[in-house]
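As numbered in our numbering, residues 328 to 499 make up the sequence shown, in order. C-beta atoms are modelled at their ideal positions from N, C-alpha and C, and glycine is treated no differently.
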Amino acid sequence: MNKAVFLDRDGVINEVQTKRVKFVNHPSDLYIINGVPEAIAKIRELGYMTFIVTNQGGVGLGYISEKMLDKIHKRLKRELLKLNASAVINDIAVCIHRPNEGCNCRKPNSGMILNLAEKFAINLSESYMIGDMETDVMAGKKVGCKTVFIGETNNTQADYICPDLRTFARLL
Numbered sequence: 328m329n330k331a332v333f334l335d336r337d338g339v340i341n342e343v344q345t346k347r348v349k350f351v352n353h354p355s356d357l358y359i360i361n362g363v364p365e366a367i368a369k370i371r372e373l374g375y376m377t378f379i380v381t382n383q384g385g386v387g388l389g390y391i392s393e394k395m396l397d398k399i400h401k402r403l404k405r406e407l408l409k410l411n412a413s414a415v416i417n418d419i420a421v422c423i424h425r426p427n428e429g430c431n432c433r434k435p436n437s438g439m440i441l442n443l444a445e446k447f448a449i450n451l452s453e454s455y456m457i458g459d460m461e462t463d464v465m466a467g468k469k470v471g472c473k474t475v476f477i478g479e480t481n482n483t484q485a486d487y488i489c490p491d492l493r494t495f496a497r498l499l
């Protein structure tokens, strides 16, 4: 069985709601957070597969097309590799449903994690779910992953709190 780190996208890997960008609706809106490529490389060096699990309800709401989302993810993977050749993302799972649509994949539900775990033979108890929202933490908890909240809070169910992905990778 493999072990993995499941990463939320917006706010963990790339900027969102910052001075430079509000939402990532086009590849040109993509700004990778400082230290992320090195963090992903370190995580992989320690024997973890890396996956992105991301809610992208803007597709279901009509703000962005699936084709544009695919272009964003291709650029994201390309930029990570350009910044660090070892910053490989094994796969990206996306929930494109509208919020409150009732699907099993949209975090805090755990469908995306479970699908990746089955596809890549992941031991979830040896894996981590990392995100900047409590819905990310809840999705990881539901499947028995260790959980990490990225940011500052006193109000989380996460097992660990780190200011950023780089700090998590150093502590892993």
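Cβ-Cβ distance between V323 and F333 below 8 Å: In the structure displayed, the chain extends from 328 to 499; residue 323 sits before or after that span and is not available.
Member of L443, S355, R347 whose CA lies at the smallest distance from the CA of M376: Along the sequence shown, read from residue 1 onward, the residue named residue 376 stands at position 49. Comparing Cα positions, the closest option is L443.
Any 3 or more C-beta pairs closer than 8 Å across the segment 350-362 and the segment 422-431: no
Minimum C-alpha distance to F476 - residue among R336, A368, K394: Looking up residue 476 in the sequence shown gives position 149. Comparing Cα positions, the closest option is R336.
Neighbourhood of D486 by C-beta distance below 8 Å, restricted to the same chain and skipping five residues each side: Along the sequence shown, read from residue 1 onward, the residue named residue 486 stands at position 159. Only K473, T474, V475 meet the Cβ criterion.
L334, enclosing beta strand (DSSP E) - first and last residue: Position 7 of the sequence shown holds residue 334. Start and end: 330-334.
M328 and I440 closer than 8 Å at C-beta: On the sequence shown, residue 328 is found 1 positions in, with the first residue counted as 1. On the sequence shown, residue 440 is found 113 positions in, with the first residue counted as 1. No, they are not a contact pair.
Neighbour-count burial assignment, S452, 16 or more Cβ in a 10 Å radius: Counting from one through the sequence shown, the residue named residue 452 turns up at place 125. The residue is exposed, with fewer than 16 neighbouring Cβ atoms inside 10 Å.
P354 vs R433 beta-carbon contact at 8 Å: As a working mapping, residue 354 is identified with position 27 in the sequence shown. As a working mapping, residue 433 is identified with position 106 in the sequence shown. Not in contact: P354 and R433 (Cβ atoms no closer than 8 Å).
Whole-angstrom distance between L410 and E365, CA atom to CA atom: The residue given as residue 365 occupies position 38 in the sequence shown. The residue given as residue 410 occupies position 83 in the sequence shown. Their backbone Cα atoms lie some 8 Å apart in a straight line.
Whole-number beta carbon distance between I416 and L407, since they are thought to touch under 8 Å: Along the sequence shown, one-based indexing puts residue 407 at 80. Along the sequence shown, one-based indexing puts residue 416 at 89. At roughly 7 Å, the Cβ-Cβ gap stays under 8 Å, so L407 and I416 are in contact.
Closest by C-alpha distance to A414, when choosing among G389, I391, F378, N382: As a working mapping, residue 414 is identified with position 87 in the sequence shown. With distances taken between Cα atoms, A414 lies closest to F378.
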